[in-house]
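Chemist: Note that the numbering used here has the sequence shown beginning at 16, numbered continuously upward.
Built from N, CA and C at the ideal position, the CB exists for glycine as well.
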Amino acid sequence: MDLLHAVLLAIIEGLTEFLPVSSTGHMIIYSSLAGIAGDEFTKLYTVNIQFGCILSVLVLYSRRFLQTTDFYAKLFVAFLPAAVIGFLLNDFIDSLLENVTVVAISLVLGGIVLVFIDRIMREVPRDYDVTFPEAVKIGFFQCIAMIPGVSRSAATIIGGMFQGLTRTQAAEFSFFLAVPTMAAATGYKLLKTYKMLQPADYQTLLIGNGIAFVVGLLAIRGFVGFLTRYGFKVFGYYRIALGLLLLGLMAAGVKLDVV
């Protein structure tokens, strides 16, 4: 993978990580269309640049992270289901990262949910924070996003709304939950593969994380305002259109799976 591909993947990660459109799915699609080989460094890179997005959350919501231990305890119980299931199914999840068909189907099904979620879930303003039982349930919703194309952001936001959170509250808790989840994923992947890295690879990772950080900052700010004003429908239609396009290309004989 050359530097240009690395930069473009980092931009895609920063733009899509916090949107309900699946950052992993978009990176798989780009890798396939660009002919990027699905080698170990590419897999590490697409996971590791999530660290830049983690930093963007910590910067934008620094005051929220300077709270009582209760805040961190809720993040921990929400993170735990994904940590356990992700560890047990790590090899299977890695195999799905090369399958564009799974991404396309997940995009369509998730898009249908987003088109109707605003009608199904009526917002009721509440002035209290996420409870421990709600945090655990949101954590199990997050596990659905282990399927490429589902979107961790979409799964956790929808999970939060099913617990009675407003769209903004659910989105912010999704951002917060991304920190331990992505930190664990990037750390675990790096621990497994760091011995194969060359000095130039570390430079590529540093550049990618820096770009993902800056783009992530802009994406979070824009997303919260857009979500509050317009809801999820636009994202739903986008997902459906992209998923159907991919399925159409594959039906026409275009090979898109990462090799």
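Which residue from S168, P163, K204 and F250 puts its Cα closest to that of I153?
Modeler: Locating residue 153 in the sequence shown gives position 138, where the first residue counts as 1. Taking only the C-alpha atoms, the option nearest I153 is S168.
Chemist: Considering only residues of the same chain and omitting the five flanking positions on each side of V22, which have a CB-CB separation below 8 Å?
Modeler: Walking along the sequence shown from the start, residue 22 turns up at place 7. Result list for V22: I222, G223 and I226, in chain order.
Chemist: Specify the secondary structure class of S38 as computed by DSSP and reduced to three states.
Modeler: What you label residue 38 is simply residue 23 of the sequence shown in a count that begins at 1. It is helical.
Chemist: Could you check the C-alpha separation between L271 and R141 for me, to the nearest Å?
Modeler: For the purposes of this step, residue 271 is identified with residue 256 of the sequence shown, where counting begins at 1. For the purposes of this step, residue 141 is identified with residue 126 of the sequence shown, where counting begins at 1. Cα to Cα, L271 sits roughly 45 Å from R141.
Chemist: Helix, strand or coil for A21, going by three-state DSSP, please let me know.
Modeler: Within the sequence shown, residue 21 is the residue found at index 6, counting from 1. If DSSP states are grouped into helix, strand and coil, A21 belongs with the helices.
Chemist: Measuring alpha carbon to alpha carbon, tell me which residue in I43, G67, S37 and I162 is nearest T219.
Modeler: For the purposes of this step, residue 219 is identified with residue 204 of the sequence shown, where counting begins at 1. Selected option, being the one with the closest Cα: G67.
Chemist: I64 to E32, Cα distance in whole Å?
Modeler: Locating residue 64 in the sequence shown gives position 49, where the first residue counts as 1. Locating residue 32 in the sequence shown gives position 17, where the first residue counts as 1. Approximately 10 Å between the Cα atoms of the pair.
Chemist: One question on the structure: do P35 and L111 come within less than 8 Å of each other, judged by their Cβ atoms?
Modeler: Walking along the sequence shown from the start, residue 35 turns up at place 20. Walking along the sequence shown from the start, residue 111 turns up at place 96. No; because the gap between Cβ atoms is not below 8 Å, this pair is not in contact.
Chemist: Here's the rule I'm using: 16 or more other beta-carbon atoms within 10 Å means buried, otherwise exposed. How should G237 be labelled?
Modeler: Position 222 of the sequence shown, counted from the start, is the residue given in the question as residue 237. That one is exposed.
Chemist: T39 and P163 look like a contact to me (Cβ under 8 Å); what is the Cβ gap, rounded to whole Å?
Modeler: Numbered from 1 along the sequence shown, position 24 holds the residue referred to as residue 39. Numbered from 1 along the sequence shown, position 148 holds the residue referred to as residue 163. Correct: roughly 5 Å between the Cβ atoms.
Chemist: Check whether the Cβ atoms of I51 and M16 lie closer than 8 Å to each other.
Modeler: Sequence index remark: in the sequence shown, residue 51 carries index 36 (1-based). Sequence index remark: in the sequence shown, residue 16 carries index 1 (1-based). Yes, these two residues count as a Cβ contact at 8 Å.
Chemist: Please go through the same chain and pick out, in chain order, the residues whose beta-carbon is closer than 6 Å to the beta-carbon of L70, but skip the five residues on each side of it.
Modeler: The residue given as residue 70 occupies position 55 in the sequence shown. Answer for L70: F228, listed in chain order.
Chemist: Which of the three DSSP states is assigned to A93 in this structure?
Modeler: Sequence index remark: in the sequence shown, residue 93 carries index 78 (1-based). Helix, per DSSP.
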